[in-house]
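Let me begin by presenting the structure, written as structure tokens, before commenting on it.
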Amino acid sequence: MAALPGPPSFLAKFIPPSQPTTPGRQLPTSIPLPVLPAVEAAKRLAAFAAVDQNIGLEHKIIGVGSGSTVPYVVDRIVAQGPAANSDRVFVPTSFQSKELIIKAGLVLGDVDQYPRLDVTIDGADEVDDELNSIKGGGACQLREKVLAEAADTWIIVADYRKNSKVLGTTWKKGIPIEVVPFAYATVLRDLAKAGAPEILPDGTPGLTLRMGKMKAGPVITDNGNFVIDAPFPVEMMKDPAGLLRRIKMMTGVVEVGLFCDMAKAAYFGNEDGSVQIRRVDGSVETLSSVPDTPVLAQQAA
1 MAALPGPPSF LAKFIPPSQP TTPGRQLPTS IPLPVLPAVE AAKRLAAFAA VDQNIGLEHK
61 IIGVGSGSTV PYVVDRIVAQ GPAANSDRVF VPTSFQSKEL IIKAGLVLGD VDQYPRLDVT
121 IDGADEVDDE LNSIKGGGAC QLREKVLAEA ADTWIIVADY RKNSKVLGTT WKKGIPIEVV
181 PFAYATVLRD LAKAGAPEIL PDGTPGLTLR MGKMKAGPVI TDNGNFVIDA PFPVEMMKDP
241 AGLLRRIKMM TGVVEVGLFC DMAKAAYFGN EDGSVQIRRV DGSVETLSSV PDTPVLAQQA
301 A
């Protein structure tokens with residue numbers, strides 16, 4: 001079998017490849033996984049381990065999150081084989097995850113049809129010691145939270161850069177807050193009063209309405225709303241649940257990108273090829289490696 005072509009040389013941004021599969025969408029054990037840059041390899045490790053440990057044959061309604069780690073989640077689910085996926089339904093949190101589900105040949109569902117999910121696996125922008133997380137860098141925090149709350153089990157997957165003691169340590173852009181367009185100016189005012197600085201100590205912009213990079217004007221969410229990024233001092237970030245309640249009470253706020261007391265576990269892929277698993281009970285486990293092929297593929301055959 002010929003090697004899969006890599007991304008075109010003119011692409012400045014790395015595009016995560018999918019796993020090589022046969023026409024039946026089964027991962028061949030004879031084909032090694034593509035060699036990835038360190039951070040991408042770490043994302044793949046975390047995603048593979050999370051799927052292996054949390055999505056079994058008994059799980060039929062599965063939420064698929066958003067972000068750069070999620071394509072590897074879908075890859076691993078596909079690698080479990082057609083038999084495992086024949087009677088499953090997958091519910092997306094965003095346009096990105098919907099496209100991943102469709103292109104993978106999986107059955108697409110909607111939270112209107114399935115208000116309770118067996119498990120949802122999602123990425124995160126940062127995770128603290130208590131498994132609280134910041135999400136919304138991709139402007140999907142509302143739908144992500146709906147699917148997180150709808151799931152019996154919500155799992156975070158991320159690379160080692162997202163593993164922090166206190167939120168805001170590595171994710172400096174602030175808490176993503178989805179707001180109705182009519183109220184964005186008053187919400188900006190209220191956030192400033194609550195302690196979000198407009199200029200950070202290093203002189204970079206702080207509290208701001210998120211603007212599009214390839215369009216004139218603000219970022220528009222899948223729900224037609226705006227996104228405000230609001231950094232807060234470390235003292236306030238040490239109580240993310242309290243900060244979440246305070247922001248959520250502001251008129252015009254639709255959802256806040258703070259996910260508190262929700263995750264059952266977080267999987268972090270490391271540079272050395274290991275995966276650290278932190279669970280809600282405080283336990284920590286380290287996997288020295290993750291197999292290329294999921295065991296469930298054989299069980300479902």
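In terms of UniProt numbering, the sequence shown is residues 1 to 301.
Cβ coordinates follow ideal geometry from the N, Cα and C atoms, glycine included.
All values derive from a computational prediction rather than experimental measurement.
Can you find the residues in the same chain that come closer than 6 Å, C-beta to C-beta, to Ala-263, ignoring five residues on each side of it along the sequence?
As a position in the sequence shown, residue 263 is number 263, starting the count at 1. Hits under 6 Å: Leu-131, Trp-154 and Ile-156.
Does DSSP classify Pro-92 as helix, strand or coil?
Taking the first residue of the sequence shown as position 1, residue 92 is located at position 92. The answer is strand: DSSP assigns Pro-92 an E or B state.
Any idea what DSSP makes of Tyr-184, helix, strand or coil?
The sequence position of residue 184 within the sequence shown is 184, counting from 1. Helix at Tyr-184.
Count the other C-beta atoms from every protein chain shown that fall within 10 angstroms of the C-beta of Ser-289, then say buried if there are 16 or more, exposed otherwise.
Against the sequence shown, residue 289 aligns to sequence position 289. Exposed, because fewer than 16 other Cβ atoms sit within 10 Å of the Cβ of Ser-289.
By DSSP's criteria, Ser-163 is part of a beta bridge. Which residues make up the other side?
Taking the sequence shown and counting its residues from 1, one reaches residue 163 at position 163. Reading off the sequence shown, one finds Asn at residue 163, where the question assumed Ser. Paired residues: Val-127.
In whole angstroms, what separates the C-alpha of Val-234 from that of Leu-188?
Numbered from its first residue, the sequence shown carries residue 234 at position 234. Numbered from its first residue, the sequence shown carries residue 188 at position 188. Distance between the alpha carbons of Val-234 and Leu-188: 19 Å.
Helix or strand or just coil, what does DSSP make of Phe-48?
If you number the sequence shown from 1, residue 48 lands on position 48. DSSP, reduced to helix, strand and coil, places Phe-48 within a helical segment of the structure shown.
Starting from the N-terminal side, write out each stretch of the beta strand (DSSP E) that is 3 residues or longer and does not extend beyond the stretch 257-286.
265-269 and 275-279
For the stretch 88-107 and the stretch 51-67, state whether three or more C-beta atom pairs, one from each stretch, are separated by less than 8 Å.
yes
Let me check one thing: in DSSP terms, what residues is Thr-120 bridge-paired to?
Start at 1 with the first residue of the sequence shown, and residue 120 comes out as number 120. DSSP lists Gly-63 and Trp-154 as partners of Thr-120.
Identify every residue that forms a DSSP beta bridge with Ala-230.
Here residue 230 refers to the residue found at position 230 of the sequence shown. In the DSSP output, where bridge partners are listed per residue, Ala-230 has Ile-175.
Near Leu-191, which residues of its chain fall below 8 Å by C-beta distance, leaving aside the five closest residues on each side in sequence?
On the sequence shown, position 191 is the one that residue 191 refers to. Answer for Leu-191: Ile-177, Leu-207, Ile-228, Ala-230, Ile-247 and Met-250, listed in chain order.
Nearest-angstrom Cα distance between Ile-101 and Lys-215?
In the sequence shown, counting from the first residue as 1, residue 101 sits at position 101. In the sequence shown, counting from the first residue as 1, residue 215 sits at position 215. Their Cα atoms are separated by approximately 27 Å.
For Leu-106, report the span of its alpha helix (DSSP H) as first-last.
Reading the sequence shown from its first residue, position 106 is the one you call residue 106. Taken as a continuous stretch (DSSP letters only), Leu-106 belongs to no alpha helix (DSSP H), as it is neither H nor E.
Gln-113: which of Leu-142, Gly-136, Ala-150 and Ala-104 sits nearest, CA to CA?
Reading the sequence shown from its first residue, position 113 is the one you call residue 113. For Gln-113, the nearest C-alpha among the options comes from Ala-150.
Are Arg-88 and Val-107 closer than 8 Å when you measure CB to CB?
Reading the sequence shown from its first residue, position 88 is the one you call residue 88. Reading the sequence shown from its first residue, position 107 is the one you call residue 107. In contact: Arg-88 and Val-107 (Cβ atoms closer than 8 Å).
Where does Glu-58 sit, in a helix, a strand or coil, going by DSSP?
Counting from one through the sequence shown, the residue named residue 58 turns up at place 58. Coil, per DSSP.
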